[in-house]
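Student: Just dropping this structure here.
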Amino acid sequence: MRSKSVAVEDSQASVKMATVQQRNSAGKEIECGKIDTRNDLCRKSTMSTPINFEMRNLLDQKHEYLPNDKLTLRCECTLSTGIEFQRIEDTFYDLHLTPLLKQRIRDTKFAPYTSEPKSVSDDLRCLYKDQILSDIRLETKSKTFHAHKSVLCPRSPVFTSMLTTNMKEKLMDCIEVEDLEDSTIDQFLLFLYTDILEDLQWESAMKLYYAAYKYQVQRLKDLCTSFLITGLNRRNIGDLLILADKHQDSDLKTAVEKFICMRDKQIFCTDEWESFMETHSEIAMKTMYFYLKNGRD
Numbered sequence: 001m002r003s004k005s006v007a008v009e010d011s012q013a014s015v016k017m018a019t020v021q022q023r024n025s026a027g028k029e030i031e032c033g034k035i036d037t038r039n040d041l042c043r044k045s046t047m048s049t050p051i052n053f054e055m056r057n058l059l060d061q062k063h064e065y066l067p068n069d070k071l072t073l074r075c076e077c078t079l080s081t082g083i084e085f086q087r088i089e090d091t092f093y094d095l096h097l098t099p100l101l102k103q104r105i106r107d108t109k110f111a112p113y114t115s116e117p118k119s120v121s122d123d124l125r126c127l128y129k130d131q132i133l134s135d136i137r138l139e140t141k142s143k144t145f146h147a148h149k150s151v152l153c154p155r156s157p158v159f160t161s162m163l164t165t166n167m168k169e170k171l172m173d174c175i176e177v178e179d180l181e182d183s184t185i186d187q188f189l190l191f192l193y194t195d196i197l198e199d200l201q202w203e204s205a206m207k208l209y210y211a212a213y214k215y216q217v218q219r220l221k222d223l224c225t226s227f228l229i230t231g232l233n234r235r236n237i238g239d240l241l242i243l244a245d246k247h248q249d250s251d252l253k254t255a256v257e258k259f260i261c262m263r264d265k266q267i268f269c270t271d272e273w274e275s276f277m278e279t280h281s282e283i284a285m286k287t288m289y290f291y292l293k294n295g296r297d
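Structural data, given as structure tokens:
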């Protein structure tokens with residue numbers, strides 16, 4: 001057994017950790033010494049650590065550990081010049097257990113995790129899908145959905161008003177949503193529980209936008225708006241202009257108008273735009289006015 005010393009010349013620094021590794025003929029490094037004084041109160045400029053090998057063993061395996069008659073050691077040191085951080089780095093619990101109890105704990109076989117632990121959104125999805133302790137119903141023309149007041153109210157001020165004042169929804173524990181399709185309500189509720197949008201398509205985004213507008217779920221409305229703007233093309237320009245006009249959404253309206261200004265001829269010279277001017281002349285006129293006023297910025 002040998003000892004290796006590490007010295008630091010800087011009087012302001014102290015050695016906190018040191019690791020010594022022995023390198024063999026293949027270049028592989030094997031740890032043979034380590035010391036950790038991070039919890040010591042005294043500052044040390046010199047540190048010694050035992051090296052775990054015997055000279056006899058080195059000579060017996062000279063071809064492996066003494067290539068070219070040289071012993072190669074690599075030492076890694078961690079130095080400190082003061083307080084790097086002030087926090088608990090590790091916590092160790094020394095429980096005063098009886099030897100019998102310690103043995104029982106050692107002998108106990110714990111089943112390893114077979115999958116990733118569930119997130120909060122996963123748990124809330126199960127709460128919605130399994131209808132666990134649900135206390136409110138949402139009824140479309142053809143289906144009843146079960147939900148939880150404690151989830152709906154924080155997500156929507158409209159639901160909060162319905163379920164906390166003397167409105168029929170509170171008295172009957174039922175909210176009628178006959179203007180929304182079953183699939184839209186399912187996606188809408190799933191978002192309220194998990195904050196996740198799944199299988200979003202153009203048509204479903206249009207319908208979810210309306211649901212978000214109706215129940216004042218701003219985050220869902222913003223996500224649907226972003227999705228719809230990203231999918232803009234000359235064939236669906238009219239749909240978004242109508243949607244923005246119907247719900248007085250100035251941000252959506254401006255985004256569509258700017259899209260048109262950048263692609264004026266590609267849009268104004270199409271059969272779709274000509275048909276749109278015939279069916280929605282006022283909206284088309286306002287859009288043309290915006291184009292003439294602003295053009296290509």
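Going by the UniProt record's numbering, the first residue of the sequence shown is number 1, and it counts up by one from there. Ideal placement from N, C-alpha and C gives every residue a C-beta, glycine not left out. Fair warning: this is a prediction, and the values are worked out from it, not measured in the lab.
Helix, strand or coil: which one does DSSP assign to Ser121?
Tutor: Helix, per DSSP.
Student: With DSSP run on the structure shown, which of helix, strand or coil describes Val217?
Tutor: Correct three-state label for Val217: coil.
Student: Considering only their Cβ atoms, is the gap separating Lys253 from Asp245 smaller than 8 Å?
Tutor: Cβ distance < 8 Å, so Asp245 and Lys253 count as in contact.
Student: Helix or strand or just coil, what does DSSP make of Gly27?
Tutor: Reduced to three states, the DSSP call for Gly27 is coil.
Student: So, at 8 Å on beta carbons, what are the nonlocal neighbours of Gln266 in its own chain, with the 5 sequence-adjacent residues on each side left out?
Tutor: Excluding residues within five positions, the ones whose Cβ falls inside 8 Å are Arg234.
Student: Can you give me the C-alpha to C-alpha distance between Met154 and Thr160, rounded to a whole angstrom?
Tutor: First, the residue type needs correcting, since residue 154 is Pro and not Met in the sequence shown. Rounded to whole angstroms, Pro154 to Thr160 spans 7 Å at the Cα level.
Student: Sort Asn68, Leu71, Glu76 by Cα distance to Ile35 and report the nearest one.
Tutor: When each option's Cα is compared against that of Ile35, the closest is Glu76.
Student: What separation, rounded to the nearest whole angstrom, lies between the Cα atoms of Arg125 and Val256?
Tutor: Near 35 Å, if we compare the C-alpha coordinates of Val256 and Arg125.
Student: Going by the beta-carbon positions, is the gap between Thr140 and Glu178 smaller than 8 Å?
Tutor: Going by C-beta atoms, Thr140 is nearer than 8 Å to Glu178.
Student: Along the chain, where does the beta strand (DSSP E) containing Arg137 start, and where does it finish?
Tutor: Element bounds for Arg137: 136-139.
Student: Given Ser25, which residues of its chain have a CB within under 6 Å of its CB, disregarding the five upstream and five downstream residues?
Tutor: For Ser25, where only same-chain residues beyond five positions count, the Cβ hits under 6 Å are Glu64, Pro67.
Student: Short check: CB of Phe227 to CB of Leu189, under 8 Å?
Tutor: No, these two residues do not count as a Cβ contact at 8 Å.
Student: Work out the CA separation of Cys261 and Tyr209 for me, nearest whole Å.
Tutor: Rounded to the nearest angstrom, the two C-alpha atoms are 24 Å apart.
Student: In this structure, what does DSSP give as the bridge partners for His146?
Tutor: Paired residues: Arg137.
Student: Return the CA-CA distance between Lys129 and Asp123, expressed in angstroms with no decimal places.
Tutor: So the two alpha carbons sit approximately 10 Å from each other.
Student: To the nearest whole angstrom, what separates the beta carbons of Asn236 and Trp273, a pair I think is in contact under 8 Å?
Tutor: That belief does not hold up - the Cβ atoms of Asn236 and Trp273 are roughly 12 Å apart, past 8 Å.
Student: In this structure, how does DSSP classify Val20 when only helix, strand and coil are distinguished?
Tutor: Looking at Val20 - three-state DSSP - the assignment turns out to be strand.
Student: Go to Ile185, then tell me how far its alpha helix (DSSP H) extends in each direction, as first and last residue.
Tutor: Ile185 -> alpha helix (DSSP H) spans 182-194.
Student: Look up Glu178 in the DSSP assignment and say whether it is helix, strand or coil.
Tutor: Correct three-state label for Glu178: coil.
Student: Please name the residue, chosen from Leu133, Thr230, Ile185, that lies closest to residue 318 on a Cα-to-Cα basis.
Tutor: Since the first residue shown for the chain is 1 and the last is 297, residue 318 is missing from the structure and cannot be characterised.
Student: Going by C-alpha distance, which of Lys168, Glu176, Thr72, Ser48 is nearest Leu58?
Tutor: Closest option to Leu58, Cα to Cα, is Thr72.
Student: Secondary structure at Ile242, three-state DSSP: helix, strand or coil?
Tutor: Three-state DSSP puts Ile242 in a helix.
Student: CB-CB under 7 Å to Thr287, same chain, minus the five flanking residues each way: which ones, in chain order?
Tutor: Within the same chain, Thr287 has close Cβ partners Leu241, Glu257, Ile260.
Student: From which residue to which residue does the alpha helix (DSSP H) around Ser281 run?
Tutor: That run of the alpha helix (DSSP H) goes 281-294.
Student: Does the beta-carbon distance from Asp173 to Asp135 come in below 8 Å?
Tutor: Yes, they are a contact pair.
Student: Starting from Glu169, trace the beta strand (DSSP E) both ways and give me its first and last residue.
Tutor: Per DSSP, Glu169 belongs to no beta strand (DSSP E); it is in the alpha helix (DSSP H), 168-172.
Student: Would Glu31 and Thr49 qualify as a contact pair, given that the criterion is a beta-carbon distance under 8 Å?
Tutor: Cβ atoms of Glu31 and Thr49: not closer than 8 Å.
Student: Just verifying my parser: in three-state terms, what is the DSSP assignment at Glu198?
Tutor: Coil.
Student: Can you tell me where the beta strand (DSSP E) with Leu73 in it begins and where it stops?
Tutor: Its beta strand (DSSP E) spans residues 72-80.
Student: Quick check: what's the CA-CA separation for Arg23 versus Glu29?
Tutor: Near 4 Å, if we compare the C-alpha coordinates of Glu29 and Arg23.
Student: If you draw a straight line from the alpha carbon of Asp69 to that of Met17, how long is it in whole angstroms?
Tutor: Taking the straight line from one Cα to the other gives about 29 Å.
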